[in-house]
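Chemist:
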Amino acid sequence: MKNFESFVNSDMVSLLEKGKRDGVETVWDRVEAMKAPCGLGSKGLCCRICAMGPCRISPVPGKGSSRGICGATADVIVSRNLARMVAAGTAAHSDHARGIIHLLHQASREGDYTIKNPDKLISLAKEWHIDTEGKDIYEIGHMVAEVALENFGKAFGEMKLPASIPEIRKELWRRENIMPRAIDREVVSIMHSTHIGCMADAEEMLRMALRTSLADGWAGSYMGTAISDILFNVPKATKTESNLAVLEENQVNIILHGHEPSLSEMILLAVSDSQLVTKAKEVGADGINLVGMCCTGNELSMRHGTKNGGNFLQQELAVITGTVEAVIVDVQCILPSLAELTKKYHTDFITTSPTARITGATHIEFNEEHAYESAKKIVLKAIENFPNRNKEDICIPDTKTEFMVGYSVEEIIKHMDKVANENEKGTLMPLVNTIAEKKIRGVAALVGCNNPRIKQDYNHIKIAEKLIENNILVVATGCSATALAKAGLVNIESAKLAGDGLRSVCEGLNIPPVLHMGSCVDISRILQLTGEVAKLLNVDISDLPVVGVAPEWMSEKAVAIGVYVVSTGIDTWLGVLPQITGSEKVVNILVNDIENIVGAKFFVETDPIKTAEQIIERIDMKRQKLGI
Ligand code: XCC
Ligand code: SF4
Numbered sequence: 092m093k094n095f096e097s098f099v100n101s102d103m104v105s106l107l108e109k110g111k112r113d114g115v116e117t118v119w120d121r122v123e124a125m126k127a128p129c130g131l132g133s134k135g136l137c138c139r140i141c142a143m144g145p146c147r148i149s150p151v152p153g154k155g156s157s158r159g160i161c162g163a164t165a166d167v168i169v170s171r172n173l174a175r176m177v178a179a180g181t182a183a184h185s186d187h188a189r190g191i192i193h194l195l196h197q198a199s200r201e202g203d204y205t206i207k208n209p210d211k212l213i214s215l216a217k218e219w220h221i222d223t224e225g226k227d228i229y230e231i232g233h234m235v236a237e238v239a240l241e242n243f244g245k246a247f248g249e250m251k252l253p254a255s256i257p258e259i260r261k262e263l264w265r266r267e268n269i270m271p272r273a274i275d276r277e278v279v280s281i282m283h284s285t286h287i288g289c290m291a292d293a294e295e296m297l298r299m300a301l302r303t304s305l306a307d308g309w310a311g312s313y314m315g316t317a318i319s320d321i322l323f324n325v326p327k328a329t330k331t332e333s334n335l336a337v338l339e340e341n342q343v344n345i346i347l348h349g350h351e352p353s354l355s356e357m358i359l360l361a362v363s364d365s366q367l368v369t370k371a372k373e374v375g376a377d378g379i380n381l382v383g384m385c386c387t388g389n390e391l392s393m394r395h396g397t398k399n400g401g402n403f404l405q406q407e408l409a410v411i412t413g414t415v416e417a418v419i420v421d422v423q424c425i426l427p428s429l430a431e432l433t434k435k436y437h438t439d440f441i442t443t444s445p446t447a448r449i450t451g452a453t454h455i456e457f458n459e460e461h462a463y464e465s466a467k468k469i470v471l472k473a474i475e476n477f478p479n480r481n482k483e484d485i486c487i488p489d490t491k492t493e494f495m496v497g498y499s500v501e502e503i504i505k506h507m508d509k510v511a512n513e514n515e516k517g518t519l520m521p522l523v524n525t526i527a528e529k530k531i532r533g534v535a536a537l538v539g540c541n542n543p544r545i546k547q548d549y550n551h552i553k554i555a556e557k558l559i560e561n562n563i564l565v566v567a568t569g570c571s572a573t574a575l576a577k578a579g580l581v582n583i584e585s586a587k588l589a590g591d592g593l594r595s596v597c598e599g600l601n602i603p604p605v606l607h608m609g610s611c612v613d614i615s616r617i618l619q620l621t622g623e624v625a626k627l628l629n630v631d632i633s634d635l636p637v638v639g640v641a642p643e644w645m646s647e648k649a650v651a652i653g654v655y656v657v658s659t660g661i662d663t664w665l666g667v668l669p670q671i672t673g674s675e676k677v678v679n680i681l682v683n684d685i686e687n688i689v690g691a692k693f694f695v696e697t698d699p700i701k702t703a704e705q706i707i708e709r710i711d712m713k714r715q716k717l718g719i
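In case it helps, our numbering puts the sequence shown at residues 92 to 719.
What follows is the structure in C-alpha cells.
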C-alpha cells in the first residue's frame, strides 16, 4: 500500500502508518487484495437462488448464456437481486424498530426503561386514535406499543402510516399499488416472489421493492425514531466534538458502535455509575471516556451530546490508536475484522446482541430485563482491561472538530419560533417562507455510509460545500453527518461558507448550514419535515425543491433508503454505482420511467462536483414549476 492520503484524510494517515508498523490489516488492505470486483456481480448478473445454478448471464449479447438454467433473463435476475437488497435493508431498520417498541412495551416507572417524553407519546396515541382519557402514561405506552407492533404483521388492509404524509401521496401509492400493508409481510412477499419460479417481470419486481421500502421509511424507521424519542427524549440542539482525537490518553476509552439506543442509553448511564468510576480510578485511569461511533454515535450525540469518534471507516483505526479498552457493539455495520484486529492490541471486542455474534469476540449478552446490571457488567470488563494498555505504543491523532447536533423536527421548529410571526409559531412555515423568498434555494438530504472504494468522506464534503455555497440547506444523517461534522461544516461558524441567503438564515436562527438530524433510522425525521412542508403548501412532496444524496453508500439499508426516498417523491443521487447495470431495462426504470410512477427518479453520478451541479439544476427546475 502506497499513498495513504488517497484513501483517508491526512489526520488519519498516522494511524494507517502505525497499523502498518504493527503488522495489522485494515479494510483498505482488503480492498487491494480483492483486486477488481467480480465483473458479473458488479452488474447484478449472478444468480444463486437455486441449485440448478449458480447461473451467470453474459453481459455481452450473443456471447455466453443469455438466460439462467430456469430461463430467467438478465432483467429478471438483476431486479430480483435488487429487490432482495431492499428486503434486507428494510428488515434491518425495522427489526431495530421492533426492539425499541418492545422496550416501550416493557417500560415501567420502576424499571430501567422509563418514558422520558410523555408528550410525544400522547400525541402519537391521539394520532392513532388510542383513548388516553384518565389513563396512566405507562398504560398508554403499553397500548401504543401494541398498535405499533401490529404494523409488522397486520393481517388485512393498509398499515398505519404517519399523519405527516400528504393525502395526495397516499393516493398515488394506492393507485400505483405500492401502498405497504405490513412490514414483515412486505419483506416476506419479496422473499417469496424472488424464490425460483415466481416473479419474472422486472417492472413488477421493482414495484414490490418500492412498496417494501415504503414500509421501511414511513413505518419501520419512522416508528423507530418516534418511539426512541418517547423513551429517551426528543433531541435538542447541543454542541459536542467529533473524530478520533476525542479518545483520552489517561482514561478508560470505550467505543460504542452499532445502532440501537437500547444498549447505548444504558451504557451511558453505567459509565457515570459512581462505583464504576471509583473502580476506574483504582486501576489508574482518570475516568471513563465513552465515545460513540457510526449510528450509535449519532443516537448518543443527538440526545446527550456524547462525543463521536467517527464514522464507518474509523472503527479499525480507533483500535489501532492502542488506547481503546473495549469496542462494544450491538448490530449492523460492525466489521467482523475487529475480532482479529483487537487481538493484536489489548482491546476487548464485546458483542452484545444475538443478532450479531462474531467468532473471536467476547459475547456478553445484553439483557433488556436487567439492562442496567448488564450494562455495568460490560463496562466493568472495559475498566479491568485498562492496566493491559501498552502505554509506550499509542497514537491519538490531534484533529477533532466541534459540531452542533440534535436537530429533530421539533427542535428546528423551536428555533424558528424565535423569529416567527404569532400565527406561524409551532409550524414549519418560517422555513417555507425562506424558501419562497429564495434565501434558501432548496434542501438536500445527505445520507449514508463510507465506502472504502472512495476516499473516506471526500464526496460527502465536496458535495455539501458546493451546495451550501449555493444556498441549499443541507440536512444530514448517519455516516454522512459525521463526515460533515469532522470537516467542520456542522457548526455555527460554518455559516460563513454558505451563500448570502442561507448565511442570513443561519445567522438569524443561530443554526449551522448543515443540520445534523441523527442516525440513519432518523432519516424518518427528514421524511417528516418534507411531508409537513408539502402539507403546508398543499402540494405533493415531489413538487418540493428537495433532493436526497447518498455519496458513498455501501449497505443494503442504504438501498432500501434510496428506494423509499424516491418512492416518497424525492430525486436521489447515488455516488456509487448500484449492481444493476446488467439489465438495461432495470437501469432505465430507475433513472427514467420511475418518475412517471412516483414523480422522482435516481441519478447516478460519481463525481461530487457534477453531482452538486445537477442537484442545483434540478432544484431550480422544481422551483420554477412551483412558481417561486
Ligand atoms: Fe452503516 Fe448507520 Fe451506512 Fe454508516 S451510514 S455505514 S449503514 S452506520 Ni447508515
Ligand atoms: Fe439459475 Fe434460475 Fe436457479 Fe437463478 S433461479 S440459479 S437463474 S436456475
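Virtual Cβ for every residue (Gly too), placed ideally from N, Cα, C. Quantities reported herein were computed from a predicted structural model and do not represent experimental measurements.
Looking at P150 and ligand 2, is the gap between the Cβ and the nearest heavy atom below 8 Å?
Modeler: The answer is no for P150.
Chemist: Would you report the Cα separation of V169 and T205, rounded to the nearest angstrom?
Modeler: Going from the Cα of V169 to the Cα of T205 covers about 46 Å.
Chemist: Can you name, in chain order, every residue of its own chain whose Cβ lies under 6 Å from the Cβ of D421, other than the five neighbours on each side?
Modeler: These residues qualify, in order along the chain: G349, E351, L354, T443 and S444.
Chemist: Take G378 and list the residues in its own chain whose beta-carbon comes closer than 7 Å to its own, dropping the five residues that flank it on each side.
Modeler: Hits under 7 Å: Q342, V368 and A371.
Chemist: Three-state secondary structure (DSSP) at H348?
Modeler: Correct three-state label for H348: strand.
Chemist: Identify which residue in P253, C570 and V279 has its Cα closest to the Cα of A317.
Modeler: When only C-alpha atoms are compared, the closest one is P253.
Chemist: Kindly provide the ranges of any beta strand (DSSP E) runs that are 3 or more residues long and lie completely inside the segment 644-706, ordered along the chain.
Modeler: Taking only runs of at least 3 residues, the beta strand (DSSP E) segments lying wholly in the segment 644-706 are 662-665 and 693-695.
Chemist: Whether or not the segment 568-585 and the segment 663-679 are in contact is what I'm after, with contact meaning three or more pairs of Cβ atoms, one per stretch, closer than 8 Å; do they touch?
Modeler: Short answer: they don't touch.
Chemist: Please report the straight-line C-alpha distance between M720 and F457, rounded to a whole angstrom.
Modeler: Nothing about residue 720 can be read from this structure; the chain reaches only from 92 to 719.
Chemist: How far does the beta strand (DSSP E) with N389 in it extend, from its first residue to its last?
Modeler: Note, N389: premise wrong, no beta strand (DSSP E); alpha helix (DSSP H) at C385 to H395.
Chemist: If I measure Cβ to Cβ from E464 and keep anything under 8 Å in the same chain, skipping five residues before and after, which residues do I get?
Modeler: Same-chain partners within the cutoff: N458.
Chemist: What do you reckon, is the C-beta of A236 under 8 Å from a heavy atom of ligand 1?
Modeler: No.
Chemist: DSSP has D439 in a bridge; who is on the other side?
Modeler: BP columns for D439 point to A417.
Chemist: What number of angstroms, rounded off, separates the C-alpha of V638 from the C-alpha of V605?
Modeler: If you take the alpha carbons of V638 and V605, they lie about 14 Å apart.
Chemist: At the level of alpha carbons, what is the spacing between N514 and P521?
Modeler: Near 11 Å, if we compare the C-alpha coordinates of P521 and N514.
Chemist: Consult DSSP for K729 and reduce its assignment to one of helix, strand or coil.
Modeler: This structure does not reach residue 729, given that the chain is present from 92 up to 719, and the question cannot be answered.
Chemist: Just to confirm before moving on: does the CB-CB distance between N324 and K398 stay below 9 Å?
Modeler: Taking 9 Å as the Cβ cut-off, N324 and K398 do not qualify as a contacting pair.
Chemist: Using a Cβ-Cβ distance cut-off of 9 Å, determine whether H437 contacts chain D.
Modeler: Of the protein chains in the structure, only one exists, and it is not chain D.
Chemist: Spell out the partners DSSP gives E513 in its beta bridges.
Modeler: None; E513 has no bridge partner.
Chemist: Is the segment 675-684 touching the segment 527-537 in the sense that three or more CB pairs, one from each, lie closer than 8 Å?
Modeler: With a cut-off of 8 Å, the segment 675-684 and the segment 527-537 do not count as touching, because too few Cβ pairs lie within range.
Chemist: Taking the C-alpha atoms as reference points, what is the distance between Q366 and A473?
Modeler: Answer to the nearest angstrom: the Cα atoms are 14 Å apart.
Chemist: Check whether the segment 445-455 touches the segment 285-303, counting contact only when three or more Cβ pairs, one atom from each stretch, lie closer than 8 Å.
Modeler: Flag = no, the segment 445-455 and the segment 285-303 do not touch.
Chemist: Which same chain residues, not among the five before or five after R594, have their C-beta less than 6 Å away from its C-beta?
Modeler: Only A586 meet the Cβ criterion.
Chemist: Excluding the five sequence neighbours on either side, which residues of its own chain have a C-beta within less than 7 Å of the C-beta of L635, listed in chain order?
Modeler: Answer for L635: T621, V624, A625 and K713, listed in chain order.
Chemist: With contact counted as at least three CB pairs below 8 Å, one residue from each stretch, are the segment 129-139 and the segment 169-187 in contact?
Modeler: Segments in contact, yes.
Chemist: At 4 residues or longer, what runs of the alpha helix (DSSP H) sit wholly inside the segment 187-266?
Modeler: Runs found: 209-218, 228-244 and 258-266.
Chemist: Pick out the complete beta strand (DSSP E) segments inside the segment 555-635, 3 residues or longer, and give them in chain order.
Modeler: The qualifying runs are 563-567 and 605-607.
Chemist: Could you name the residues of the same chain whose beta carbon sits closer than 8 Å to that of S214, not counting the 5 residues immediately before and after it, in chain order?
Modeler: Contacts found: none.
Chemist: Measuring alpha carbon to alpha carbon, tell me which residue in E340, N561, V678 and E123 is nearest E294.
Modeler: Ranking E340, N561, V678 and E123 by Cα distance to E294 puts V678 first.
Chemist: Measuring straight from C-alpha to C-alpha, what distance separates K211 and E218?
Modeler: Each residue's Cα considered, the two are about 10 Å apart.
Chemist: Runs of 4 residues minimum, wholly inside the segment 273-328: which ones carry the alpha helix (DSSP H) assignment?
Modeler: Correct list: 274-284, 293-306 and 313-323.
Chemist: Figure out for me which residue from I346, E267 and W309 has the closest Cα to the Cα of A273.
Modeler: A273 has its Cα closest to that of W309, out of I346, E267 and W309.
Chemist: Thinking K491 and A336 are a contact (beta carbons under 8 Å), I'd like their distance in whole angstroms, please.
Modeler: Indeed they touch by this definition, with Cβ atoms about 4 Å apart.
Chemist: Of the residues I221, C161, S149 and D307, which one's Cα is nearest the Cα of V656?
Modeler: Measuring from the Cα of V656, the nearest candidate turns out to be D307.
Chemist: Whole-angstrom Cβ separation of V554 and P699, contact assumed at under 8 Å?
Modeler: Sequence inspection shows Ile at residue 554; the Val mentioned does not correspond to that position. That pair is a contact at about 5 Å.
Chemist: Quick check on the burial criterion: 16 or more other C-beta atoms within 10 angstroms. Buried or exposed for Q725?
Modeler: Limits of the chain in this structure are 92 at one end and 719 at the other, which puts residue 725 out of reach.
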